[in-house]
Structure formats: structure tokens, C-alpha cells
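The numbers in full-length UniProt numbering rise by one with no breaks, and the one at position 71 of the sequence shown is 71.
By construction, the Cβ of each residue, glycine as well, lies at the ideal position given by its N, Cα and C atoms.
Predicted, not measured: the structure shown is a model, and the values here were computed from it.
Here the structure comes first, spelled out in C-alpha cells, and everything after it is commentary.
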Amino acid sequence: MRTEADACLRRDLRYVYGDGVTYSLMLGLGETYVPAFALAIGMSEVAAGWIVAIPMLAGALLQLVSPLAVRRLRSHKRWVVICASLQAASFLGFFIAAVAGRIPDALLFLIAALYWGTNLGAGPAWNTWVETLVPRTIRARYFAVRGRSCQAAALLGTVGAGLALHLGASIELTVFAVLFALAGLSRGASTWFLARQSEPYPMPHHQRDVRLADLIRRMRHGADGRLLVYLLALQTAVQIAGPFFTPYMLGELHFSYLRFLTIVATAFIAKMAAYPYMGNLARRWGSQKLLLVCGAGIVPLSALWIFSHNLVYLLCVQVVGGIIWSGYELAVFLLFFERIDHSERTSLLTLFNLTNAAALVGGALIGGLLLGALGSTAAAYHKIFGLSGIARILTLVLLMRLRVSGPLVSAASIPARTVALRPNTGALQHPLVGGMGGDEDAEID
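Shown next as C-alpha cells:
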């Protein structure tokens, strides 16, 4: 009996690992280049920026439906597999658009909404499910190994896709069609790995729902509220410029895909390489000081793009930005998990993701409307980069008012799931709740 249980565990660990790697490969091959594809088929630069921002709200809203869907299906696994299957199918829409060479803007936004809706909609249920598959004693080490492999897969996909687009510039849309087909197949493989995993506890009983009214109440009182308000304010400020770096590089500066790839990959590599060192700083300084330093460091990053478009200069900006964003995200993860009860984590993070997505869309709408009004020129881009910097300065008032405790959670025990690659932040990551806890020194045979 023990041998059978061990065999099931090892099989589940292999499948969880396989799901992560193939999912990450999909990100690099497909999602990273959706704004570039939007430009290639003739969408405006504003719309190409919005295509990776506005549809994320659909994902955040679908997360609210997730608990009801899980209860109706009486299974976290079934809901996750359904979402993953639909996400894989969304690439069929991108593929058809690439083959046709044109698509109405509204339809492309609808396809992107399906992609993001199913991507983020599966997140809470997957977090709860995976926590029942990976024993607590090996979680930290297992998800650290898995995380590094996922980062490598995302980078491999990004580099491979960028090189293919660079070399196939004369048949650009054909290359996009092939990339979207490969991305869909990667997510299809990920779905197969998900379907092969066991589900020992279809409906765990240790989860507690937090209502939106409770989250708003917490935002109005005490240190928790000040932290949440700061995070949402900074998200809004950052997203005034964030979605428009890709249109700026490809549409305005006319960078080659090789240059674009180099800039995106540099931020991603710098961010991932800095993460362990930021963990050491979190242990030495505490999470609040790390947040103060990195939150201040974020302020000038968008404005630095105004001064030059020299490749070496921008690569230096990307390295600095990747390092700063690494520390900021780690500090935020630590502060969240030291202050949220274990039974509320999935529910509360779901609600936070909704408010965070609303802030993201709000910032993107401000930046896009301003860019459209000013005419999508280099000077117009510089204005929204500068406005984003000014808005970030204003968030420093909120940052300086924070008074929160030092880390109670080990920096090494909070793995993250990459859900997108972005030129300005390196990667968009969500904390992997189900990967927390356990003995970091435990071995995986």
C-alpha cells in the first residue's frame, strides 16, 4: 500500500512539473508577442497596448465565478482542466487571425479575454488543488526546482519566438501562425499533464471565503488597508505607461524583433537572477525596508526611457528595472503572506487580483486615451512615460506611511507563478499559495 502511494506521489510530482514547464513555454511562444501581432495585422498602437491590459479584467472577474464553478462540479481539478482546455483553444483564434491576415479589433479583444479569463480563472482552484498533491515537507525545494525550470522554459520560448520572427520578417504573419499553433499545443500538453494528476481531496474543507465588502473594510482601517491602497495606487501609476512599451519599440522606434527580444529577455533574466539575493536582503532588512527601497526605485524607471533609445542604454535600464522589480515583488509577497490567515489566502488573493486588475485597466485607459489624443508620436510616448513617473512619485506619500512588521514567512518559501512576460517589469507573477511551507532542506528523490 505504501509503495502504491509513493508511486502515485512521484507520478503527480512529474505531472505537476510537466504542466509548469509546458505552460511556461506557451507564455514565451505566444502571450509575449500578442501586442506585436496586433501591430502586425494593422491595429493601432493604443489598441496594441490595451490588448494585454483590458482583457485581464475578464480573468479577474472569472476568478469570482471559480468558487461557484468548483462547487457545481464538485472538483477543483475539473474546473482547472476545463479552463486550461479553453485557454489552449483560444490560440486557435489567434492562429486563424494570423492565417487570414486581418481580424476586427473587437474580435481580437474577445479572443484575448478568453485567454486571460481562463488563465486567471483557473488560478485559485489550481492553488487549492496543488496544495493537496505536494507534501508540505518537500514543497519549498520542489517548487524551487520547478520554478527554475519554468523560468528556463519561458525564456526559451521567448528567445525562440523572437528569433523566428526576426529571421522570418518577410513572412511575418506565417511565423505568427506557427508560433500560435505551437503555443496552443504547449498549453494542450499542459492540459494533458493536469488531467493525469490525481485529486485526493476534491473539496478541501479548510478554505474560508472573504467577501469583497470585507476586503474594502480592511482597506479602510489599519496597516493592511494602507498597504493595499499603496499597491493599487502604484499599479495604476505603473500601467499608465506599462502596456505601451511594446508599441513604442515596434511601432514608433521600429526596432527589429531581435532588439525587442533582447530587451524583454534582459529584464526577465535580471529579475530572476536577482531574486535569491533579494531574499537575503529581506532576511537582513525586513520586508518593510525592502519595500521602501524598491518602491522608491520603481519611481524613475518609466521616465528613463525618455532620454535615449540606444540599445546599450536601454539594456542597462532593463537590468536595473529587473533587479528593482524583483525586490519589490518579493517584499509584497512577504508582507501579504505574513498578514493573511492560511485559510483566507486563496479567497483574499482572488479579491485582491480583481481590484489589482481594475487598477491595471484604469492606468492603461489613462495612458491609452492620452496617447491617442496626442497622436502616438515619440513625444506622446515620452509624455505618458513622464506622467507615469509623476504618478509614481505621488505614491511615495502612501509608501512612507506604511508601518508593517518584519517577515514572519521565509523568503525562500514563497514561490511564484509567472503568468506573463512584460518589457517594463520582466515578468508578471502571482504568488503560488499551494507551494508554500515545509522544510527547505527536505530531499526529493
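Unbroken alpha helix (DSSP H) runs of length 4 or more, entirely within the segment 221-250: which are they? 222-239
Helix, strand or coil at Thr418 [DSSP, three-state]: In the structure shown, Thr418 sits in a strand (DSSP, three-state: E or B).
Nearest-angstrom Cα separation, counted from Pro243 out to Ser326: 19 Å
Would you mind working out which of Gln239, His309, Lys271, Arg74 sits nearest Ala53, comparing C-alpha positions? Ala53 has its Cα closest to that of Gln239, out of Gln239, His309, Lys271, Arg74.
At least three beta-carbon pairs within less than 8 Å, the segment 282-297 to the segment 316-333: Short answer: they touch.
One question on the structure: do Arg187 and Gln87 come within less than 8 Å of each other, judged by their Cβ atoms? yes
Consult DSSP for Gln197 and reduce its assignment to one of helix, strand or coil. coil
Pick helix, strand or coil for Leu120, following the three-state DSSP scheme. helix
Mind checking which residues open and close the alpha helix (DSSP H) that includes Phe255? Note, Phe255: premise wrong, no alpha helix (DSSP H); not H, not E.
Give the list of continuous alpha helix (DSSP H) stretches no shorter than 4 residues that lie fully inside the segment 90-169. 105-121, 123-131, 139-167
Take Phe133 as the anchor and find which of Asn280, Ile306, Arg10 has the nearest alpha-carbon. Residue identity check: residue 133 is Leu in the sequence provided, not Phe. Ranking the options by Cα distance to Leu133, first place goes to Arg10.
Taking 8 Å as the cut-off, does the segment 57-69 touch the segment 113-121 (at least 3 CB pairs, one atom from each stretch)? Yes, they touch.
Answer with buried or exposed for Phe95, where buried requires no fewer than 16 other C-beta atoms within 10 angstroms of its C-beta. buried
If you draw a straight line from the C-alpha of Gly389 to the C-alpha of Leu402, how long is it? 21 Å
Who are the near neighbours of Gly168 in its chain, counting only those whose CB is closer than 6 Å to its CB and skipping five residues on each side? Val175
When DSSP labels each residue in this structure, what does Leu348 get in the three-state scheme? helix
List the whole-angstrom C-beta distance separating Gly121 from Val65, where the pair is believed to meet the contact cut-off of C-beta under 8 Å. Gly121 to Val65, Cβ: 7 Å. Contact.
Alpha-carbon to alpha-carbon, Ala391 and Gly322: 20 Å
Assign Gly42 to buried or exposed, taking buried as 16 or more other Cβ atoms, counted over all protein chains shown, within 10 Å of its Cβ. exposed
Counting pairs of beta carbons, one from the segment 65-85 and one from the segment 194-202, are three or more of them closer than 8 Å? Flag = yes, the segment 65-85 and the segment 194-202 touch.
Per DSSP, Leu428 forms a beta bridge with which residues? Ala420
Spatial neighbours of Cys8 within its chain, please: C-beta separation below 8 Å, excluding the five flanking residues on both sides. Ser198
In whole angstroms, what separates the C-alpha of Val16 from that of Gly30? Straight-line spacing of the CA atoms in Val16 and Gly30 works out to 21 Å.
Measuring from the CB of Leu163, is there a heavy atom of the ligand ATP at a distance below 7 Å? Among the components modelled here there is no ligand, and therefore nothing to report on the ligand ATP.
Along the chain, where does the alpha helix (DSSP H) that runs through Phe385 open and close? For Phe385, the enclosing alpha helix (DSSP H) has its first and last residue at 378-400.
C-alpha gap between Ala161 and Ala273, whole angstroms: Distance between the alpha carbons of Ala161 and Ala273 is about 22 Å.
For Ser302, count neighbouring Cβ atoms within 10 angstroms of its own Cβ and tell me buried if that reaches 16, exposed if not. buried
Sequence-distant residues of its chain with Cβ nearer than 7 Å to Ala411 (five each side left out): With a pLDDT of 49 at Ala411, under the threshold of 50, the predicted position of this residue should be treated as unreliable, though the coordinate-derived value follows. So the qualifying residues of the chain are Gly279, Ala282, Arg283, Leu330, Leu334.
Reducing DSSP to helix, strand and coil, say where Ala69 ends up. helix
Other residues of its chain near His382: CB distance less than 7 Å, five sequence neighbours each side excluded: Ile306
Short Cβ contact (8 Å threshold) for Leu27 with Ala357: no
Find the nearest neighbour of Leu194 within the set Thr32, Gly386, Ser85, Phe336, judged by alpha-carbon distance. Ser85
Where the alpha helix (DSSP H) containing Leu292 begins and where it ends: 287-298
Tell me, to the nearest whole angstrom, how far the beta carbon of Tyr257 is from that of Leu165; I am working on the premise that it is less than 8 Å. 4 Å
Taking the alpha-carbon positions, what's the Leu253 to Ala47 distance? 17 Å
Are Ala359 and Leu232 close, meaning C-beta to C-beta below 8 Å? yes
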